[in-house]
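Asks: In the numbering used here, the protein residues as written are 6 to 297.
Okay, here's the thing in structure tokens:
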């Protein structure tokens with residue numbers, strides 16, 4: 006198992022940038038979150054023309070300062086890990102890159118600086134900072150339920166599209182161009198809007214028969230909304246029961262697991278997290294972790 010010098014500058018930077026268990030790491034993450042929020046607010050204010058006219062220079066300079074800081078942070082994240090490509094291609098690595106380049110792109114493509122709003126995704130790091138990762142298990146179950154439901158939901162959506170096409174065609178024949186149903190595609194659009202209970206109101210049936218059909222479509226819409234919810238809920242319940250069955254432990258095992266505390270230590274080699282307090286090696290790759 007490989008180890009490294011804990012006094013090496015890369016190791017110290019890695020501890021500050023990737024972890025939140027030390028005072029320096031917590032301070033770095035808090036400052037980072039403040040910078041992200043400030044950047045998003047600046048972009049929002051810049052979109053207000055009256056405000057931008059008065060404070061354009063201030064907003065532009067502030068945004069450039071934050072962008073340069075994020076660029077330095079991104080470079081430091083790359084050079085303080087053993088496998089830079091693993092970070093670059095990771096979820097957070099891609100988000101960090103996307104949140105850095107819009108301001109540079111604005112030098113070539115006018116208006117693209119507004120894309121810095123993508124930095125809001127970086128706020129997901131708050132789960133790690135506040136040690137809320139343990140609550141992500143429920144979201145994983147929901148994701149599994151949605152994946153398990155995709156075939157049924159696909160069939161359901163296909164049936165909805167067919168129904169919208171049929172009803173849209175009928176409404177085109179009943180209402181006609183004189184009532185706003187100029188063609189079948191537009192009539193299908195109206196049917197989908199009505200079926201989903203959105204109801205923009207830009208097109209409305211005028212004949213008694215058309216209004217009766219619209220009423221049926223609206224009632225049908227309420228029933229349709231419940232179908233995908235029921236499908237996903239059933240799969241979620243099934244996933245929860247399966248997960249509970251797999252996690253049945255003896256009393257001694259339960260007491261041991263219950264007392265385990267996870268920290269925000271990040272492996273310098275593979276970037277794995279969720280290490281137990283006091284762990285000496287990475288649970289994923291076996292790389293030696295640093296300790297106080």
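No residue lacks a Cβ here, since even glycine has one placed at the ideal position from N, Cα and C.
Are the Cβ atoms of residue 201 and residue 226 separated by less than 8 Å?
Replies: Yes, they are a contact pair.
Asks: Between residue 57 and residue 47, which are expected to be in contact by the criterion C-beta below 8 Å, what is the C-beta distance as a whole number of angstroms?
Replies: So it is not a contact: roughly 10 Å between Cβ atoms.
Asks: Quick one: what does DSSP say residue 216 is sitting in, helix, strand or coil?
Replies: Correct three-state label for residue 216: helix.
Asks: For residue 212 versus residue 180, is the C-beta distance shorter than 8 Å?
Replies: For residue 212 and residue 180, yes; Cβs fall inside 8 Å.
Asks: Considering only their Cβ atoms, is the gap separating residue 83 from residue 97 smaller than 8 Å?
Replies: No, the pair does not count as a contact, with Cβ atoms beyond the cut-off.
Asks: Excluding the five sequence neighbours on either side, which residues of its own chain have a C-beta within less than 7 Å of the C-beta of residue 157, listed in chain order?
Replies: The answer, listed in chain order, is 236.
Asks: At the level of alpha carbons, what is the spacing between residue 300 and residue 281?
Replies: Shown here, the chain extends from 6 to 297; a query on residue 300 therefore has no answer.
Asks: Let me make sure I understand the geometry here. Which of 30, 206 and 166 has the alpha-carbon closest to that of residue 184?
Replies: Nearest option by C-alpha distance: 206.
Asks: Tell me whether residue 243 sits in a helix, a strand or coil according to DSSP, three-state version.
Replies: Residue state, collapsed to three classes: helix.
Asks: What residues in its chain sit with their C-beta under 7 Å from that of residue 199, if we drop five residues either side in the sequence?
Replies: The residues are 219, 222, 223 and 226.
Asks: Just to confirm the assignment: which complete alpha helix (DSSP H) runs, minimum length 4, are found wholly within the segment 153 to 221?
Replies: Correct list: 189 to 200.
Asks: Using a Cβ-Cβ cut-off of 6 Å (strictly less than) and excluding sequence neighbours within five positions of residue 214, which residues of its own chain qualify?
Replies: 179, listed in sequence order.
Asks: Where residue 35 and residue 13 are concerned, what is the direct C-alpha to C-alpha distance, given to the nearest angstrom?
Replies: Cα to Cα, residue 35 sits roughly 24 Å from residue 13.
Asks: Measure the CB-CB distance between residue 21 and residue 124 and report whether it falls below 8 Å.
Replies: Their beta carbons are not under 8 Å apart, which means residue 21 does not touch residue 124 by this criterion.
Asks: DSSP has residue 293 in a bridge; who is on the other side?
Replies: Beta-bridge pairing links residue 293 to 286.
Asks: Between which two residues does the alpha helix (DSSP H) harbouring residue 68 extend?
Replies: Its alpha helix (DSSP H) spans residues 54 to 84.
Asks: Taking the continuous alpha helix (DSSP H) assigned at residue 128, which residues delimit it?
Replies: That residue, residue 128, is in no alpha helix (DSSP H); it is neither H nor E in DSSP.
Asks: Within 10 angstroms of its Cβ, does residue 62 collect 16 or more other Cβ (buried), or is it exposed?
Replies: Exposed is the call here.
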